[in-house]
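Residue numbering for the sequence shown follows my numbering, starting at 23 and increasing by one per position. Beta carbons are placed, not taken as given, at the ideal position from N, Cα and C, and that holds for glycine. Given the structure is predicted, the values throughout are model-derived calculations rather than measurements. Okay, structure first, notes after.
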Amino acid sequence: MTNSKPWVLGLTGGIASGKTTVSDYLASKGCLVADADAESRSLTAPGGAAMPEIERIFGADFIRPDGAMNRAKMRELVFSNDAARRTLESIIHPLVRKALMEKIRTGAENSPYAVIAIPLFPSILQLRPILSRLLVIDCPTPLQCERLRSRSGLSREESLAIIRAQSRRWERIEEADDVIVNAGSLPELLSAADILHQRYLRAAEAA
Ligand SMILES: CC(C)(COP(=O)(O)OP(=O)(O)OC[C@H]1O[C@@H](n2cnc3c(N)ncnc32)[C@H](O)[C@@H]1O)[C@@H](O)C(=O)NCCC(=O)NCCS
Ligand SMILES: Nc1ncnc2c1ncn2[C@@H]1O[C@H](COP(=O)(O)OP(=O)(O)OP(=O)(O)O)[C@@H](O)[C@H]1O
23 MTNSKPWVLG LTGGIASGKT TVSDYLASKG CLVADADAES RSLTAPGGAA MPEIERIFGA
83 DFIRPDGAMN RAKMRELVFS NDAARRTLES IIHPLVRKAL MEKIRTGAEN SPYAVIAIPL
143 FPSILQLRPI LSRLLVIDCP TPLQCERLRS RSGLSREESL AIIRAQSRRW ERIEEADDVI
203 VNAGSLPELL SAADILHQRY LRAAEAA
């Protein structure tokens, strides 16, 4: 990518839809990936920039002995309390956005195109003006629950509480330029990702 304005793919989808599998694949093909979940985790790790404000607002009960946010406790709170979730988001989201923009600004030069992966649909919509294309990974709700059970041990009720806090599938699909329905096998997901990757390479090259 040689021009000053990078070609940027926005990548979104509900929880456990397959975003990380796709973004890891694109990273393995040389794309720069700026990942909101990863930035959010580093901001809430020991010494993370969001921790003083999280401790001030939520209290010491939400801080682990090593100084990291207690994720299990926070997850339980914010997916049963909308006001608490909005408060946590108001601390973390501006910092995440800044970190993502900085990563794209400084790291995109040697990448065929850049990828911004953001799970939350309203957040990715805010960045729509800088996205060259928006890819949605769509996954039927029962499969999301099944994958969350086997990956993270979450119960169906816990998974549904998170899914309900997220945008509806049709809202994402309506706004998408491209959609991968991840309801088959992992090789099928990667093959769909590769078909789009080839198209994105051509579009970025031509831009
Ligand atoms: C709620 C928290 C403590 C749960 O931590 P946990 O380690 O279990 O999950 P992780 O951070 O890996 O996120 C996994 C997925 O949860 C979903 N999720 C996370 N935060 C939110 C949210 N505010 N609203 C809806 N879904 C969310 C997303 O699909 C995300 O991909 C954590 O996700 C968090 O701090 N969320 C607030 C910050 C945020 O909005 N992050 C999302 C991207 S910036
Ligand atoms: N087609 C598939 N077949 C089988 N397992 C899959 C498939 N797609 C994804 N998975 C598995 O489902 C889980 C969720 O996938 P992944 O981590 O890529 O989703 P995600 O959208 O990034 O999740 P999160 O929102 O929690 O960050 C992982 O354990 C992954 O290996």
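Proximity test, residue i beta-carbon vs ligand 3 heavy atom, cut-off 7 Å
i, result
"residue 30", "Only ligand 1 and ligand 2 can be found as ligands here, which leaves ligand 3 out of the picture."
Beta-carbon proximity check, residue i vs residue j, cutoff 8 Å
i, j, result
"residue 58", "residue 130", "no"
"residue 55", "residue 45", "yes"
"residue 200", "residue 155", "yes"
"residue 114", "residue 65", "yes"
"residue 92", "residue 160", "no"
"residue 237", "residue 189", "Given that the chain is displayed from residue 23 to residue 229, the structure contains no residue 237 and the question cannot be resolved."
"residue 147", "residue 43", "no"
"residue 219", "residue 48", "yes"
"residue 184", "residue 163", "no"
Cβ shell of residue i (< 8 Å), same chain only, five flanking positions each side left out
i, result
"residue 193", "143"
"residue 133", "23, 28, 52, 53 and 54"
"residue 195", "158, 160 and 201"
"residue 173", "38"
"residue 41", "33, 34, 35, 139, 141 and 159"
Chain-order list of residues whose beta-carbon lies under 6 Å from that of residue i (same chain, five-residue window excluded)
i, result
"residue 38", "166, 169 and 170"
"residue 229", "29"
"residue 136", "28, 30, 54, 126 and 130"
Residues near residue i by beta carbon distance below 7 Å, same chain, minus five either side
i, result
"residue 100", "106, 107 and 110"
"residue 152", "30"
Whole-angstrom C-beta distance between residue j and residue i, which should lie under 8 Å
i, j, result
"residue 70", "residue 141", "With a Cβ gap of about 19 Å, residue 70 and residue 141 do not count as contacting."
"residue 157", "residue 198", "7 Å"
"residue 214", "residue 202", "5 Å"
"residue 89", "residue 68", "4 Å"
Min CB distance residue i to chain C below 8 Å
i, result
"residue 185", "No chain C appears in this structure, which consists of one protein chain only."
Can you check the region 34-79 for any alpha helix (DSSP H) of at least 4 residues that lies completely inside it and give the ranges in chain order?
41-50 and 58-65
Hey, which unbroken runs of the beta strand (DSSP E) at 3 residues or more fall wholly within the region 190-229?
200-203
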